[in-house]
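Only one structure is covered here, and it is reproduced in the block below.
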Amino acid sequence: MEFNPVSEAILRELSSVLGPDNLSTAEAERQLRAQDMSQHEAHLSEVVVWPGSGRQVADVLRIAHDNRVAVTPWGAGSSLEGNPIPLFGGITLSLERMNQIVALHADDFQVTVQPGIGYKDLNQALGTHGLFFAPDPGANASIGGMLANNAAGTRTVKYGATKDNILAMEVALADGRLIHVGSRSVKQSAGYDLLHLFVGSEGTLGVVTEATLKLVPLPNVMSGVVASFTSVAEAIAAVVELRSSGLDIAALEFIDAATSELLSREEGVDWGDNPTLLMEIHAAHAETAELDLALVQEICQAHGAIRFQATTDTAERQKMWHTRHHMFETMRRVFVDYQWQLSDVAVPISQYPALVQFARQALQTRNLPEFMVGHAGDGNLHITTPYQDEAVRQHANQANEEVVLRAIELGGTSTGEHGVGIGKAKFMVREHGETAVDVMRSLKQTLDPHGILNPGKIFVS
Ligand SMILES: Cc1cc2nc3c(=O)[nH]c(=O)nc-3n(C[C@H](O)[C@H](O)[C@H](O)COP(=O)(O)OP(=O)(O)OC[C@H]3O[C@@H](n4cnc5c(N)ncnc54)[C@H](O)[C@@H]3O)c2cc1C
975 MEFNPVSEAI LRELSSVLGP DNLSTAEAER QLRAQDMSQH EAHLSEVVVW PGSGRQVADV
1035 LRIAHDNRVA VTPWGAGSSL EGNPIPLFGG ITLSLERMNQ IVALHADDFQ VTVQPGIGYK
1095 DLNQALGTHG LFFAPDPGAN ASIGGMLANN AAGTRTVKYG ATKDNILAME VALADGRLIH
1155 VGSRSVKQSA GYDLLHLFVG SEGTLGVVTE ATLKLVPLPN VMSGVVASFT SVAEAIAAVV
1215 ELRSSGLDIA ALEFIDAATS ELLSREEGVD WGDNPTLLME IHAAHAETAE LDLALVQEIC
1275 QAHGAIRFQA TTDTAERQKM WHTRHHMFET MRRVFVDYQW QLSDVAVPIS QYPALVQFAR
1335 QALQTRNLPE FMVGHAGDGN LHITTPYQDE AVRQHANQAN EEVVLRAIEL GGTSTGEHGV
1395 GIGKAKFMVR EHGETAVDVM RSLKQTLDPH GILNPGKIFV S
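Just so we're aligned, residue 975 is where the sequence shown starts under my numbering, counting upward by one.
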């Protein structure tokens, strides 16, 4: 792939569209947006731009398209597969200043937002209306970044991923056209589903400039549960049974023994050093919550649970989820000066025990630490491996590769929620087949004929 550098003439054109305060070639600004939260190598773009409207985003793309300059959208930079790294330099198109709520349609359980708003900030604003946006990746990701990666997280088991919570979008195309996709109707069947074509496309097909999201009412009763088991096999068997029980569980997380021990020691939670499940259960009434909790306890005890704590206290539940969501930060505090191999695969729930067992073996045969957590209710597994030297990095990569291939064999996917980015591109043909990947390339060619949008991602270049 060849692109032109950002010349002085292009900078002048960008400045005339955006105003001089909304672009910068300063190294510090480019460094800040050279790498996401993954271990993939940093790359500097040549200029960072901060458009303030959909029209301005489209104008930036038109300039880049006409001049064959690479453009990489940037939300909050919290990706874990190198998704927003500007591999080919050019323009970093930051949506950070487009962070407003455009309209709240509370009676329709919908909100229209600009893409740069953080989902946590959005939920704080929605709380006073008794509503929230359910997908919950943990880091304060932007809505645009969540749409682009089809982010998921702890609550997907009940509310779905980002793709299940979007109704309509405004999208700027590579050549500078602005289109609207989807509608505010919950039911939609009018023609090709362009809305979901852009979701999960990682900024390679267009840039989301506005989004209308589905909201849900805040539940009346939210319970938190911690259950520990003597073995991984028992914990995972309990996951499968909990999912089959008909219980309406809002979050069902697996945390292995090593991670439970580390979090108990560092974060002051009492999770012990055994394989652990964390759960959240939503209910309209205290009585139904109690009945649900009794069934959860029965299932966990049938699988030999050695610890069972349930709470409806808000502070205790929030502490539990804060500990889970900040797990990576805690690990980075403990493993100072380490780098990280982060794995993300998902399989059908019935295959989850086989996947976890395979992953443990892949780690054990290489003497790698077993730090495994997962959004188990969705069959999603993450392995987190700290490393300092090249030999361990290579072992961690080999283990990751084996686990990815096994997940695909088990009818699953190479990435449940982090997206393809750089790291998973090599698995696309194995997962989808050559013909399907050719169809993806044709779509890319149609929507972005000069290949300027987030080049080097999704496809092996
Ligand atoms: C500690 C930690 C925990 C995490 N846990 C989870 C988890 O549980 N579940 C999960 O799904 N993810 C998780 N993530 C990953 C990350 O938060 C998500 O991938 C998130 O969607 C990234 O959003 P962002 O705003 O940071 O986007 P960025 O990282 O800035 O960008 C993501 C991608 O979107 C593109 N992009 C950004 N904005 C737009 C736009 N407006 N239009 C088009 N393309 C755009 C970028 O080019 C890039 O390809 C976690 C990350 C961290 C650091």
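Glycine is no exception: its CB is placed at the ideal position from the N, C-alpha and C atoms.
Residues bridged to residue i (per DSSP)
i: Lys-1450; result: Any question about residue 1450 goes unanswered here, given that the chain covers just 975 to 1435.
i: His-1256; result: Met-1196
i: Ala-1201; result: Leu-1251, Phe-1282
i: Val-1022; result: Ser-998, Thr-1066
i: Pro-1360; result: Trp-1314
i: Ser-1116; result: Gly-1092
i: Gly-1348; result: Phe-1228
i: Val-1319; result: Leu-1355
i: Trp-1048; result: Ser-1068
i: Val-1182; result: Val-1145
i: Asp-1110; result: Gly-1127
i: Thr-1387; result: Ala-1320
i: Ile-1223; result: Ile-1255
i: Leu-1105; result: Pro-1191
Cβ-based burial, residue i [other Cβ within 10 Å; buried from 16]
i: Glu-1015; result: exposed
i: Lys-1431; result: buried
i: Ala-1115; result: buried
i: Ile-1255; result: buried
i: Gln-1325; result: buried
i: Gly-1104; result: exposed
i: Gln-1074; result: exposed
i: Arg-1042; result: exposed
i: Pro-1089; result: buried
i: Met-975; result: exposed
i: Gln-1338; result: exposed
i: Pro-1058; result: buried
i: Asn-978; result: exposed
i: Gln-1275; result: exposed
i: Pro-1060; result: buried
i: Lys-1400; result: exposed
i: Ser-1157; result: exposed
i: Leu-917; result: For residue 917 there is no data in the structure shown, the boundaries of the chain being 975 and 1435.
i: Glu-1176; result: buried
i: Thr-1288; result: exposed
i: Arg-1129; result: buried
i: Glu-1055; result: buried
i: Ser-1052; result: buried
i: Lys-1398; result: buried
Delimiting residues of the alpha helix (DSSP H) encompassing residue i
i: Gln-1005; result: 1001-1006
i: Gly-1028; result: 1028-1041
i: Val-1413; result: 1408-1421
i: Pro-1429; result: Premise fails: Pro-1429 is in no alpha helix (DSSP H) and is neither H nor E.
i: Pro-1327; result: 1326-1338
i: Trp-1295; result: 1288-1299
i: Ile-1210; result: 1206-1218
i: Glu-1055; result: Where Glu-1055 is concerned, there is no enclosing alpha helix (DSSP H), given that its DSSP letter is neither H nor E.
i: Val-980; result: Counting along the chain, Val-980 falls outside any alpha helix (DSSP H), and DSSP gives it neither H nor E.
Beta strand (DSSP E) segment containing residue i, residue limits
i: Ala-1077; result: 1075-1079
Cutoff 8 Å: residue i Cβ touching any chain C Cβ
i: Glu-1184; result: Of the chains in the structure shown, none is chain C; there is only one protein chain.
Any non-hydrogen atom of ligand 2 closer than 7 Å to residue i Cβ
i: Gly-1134; result: Ligand 2 is not part of this structure, which contains only ligand 1.
Which parts of the segment 1118-1180 are runs of the beta strand (DSSP E), unbroken and 3 residues or longer, counting only runs that do not cross its ends?
Considered as a whole, the segment 1118-1180 harbours 1140-1146, 1152-1156 as its complete beta strand (DSSP E) runs of no fewer than 3 residues, in chain order.
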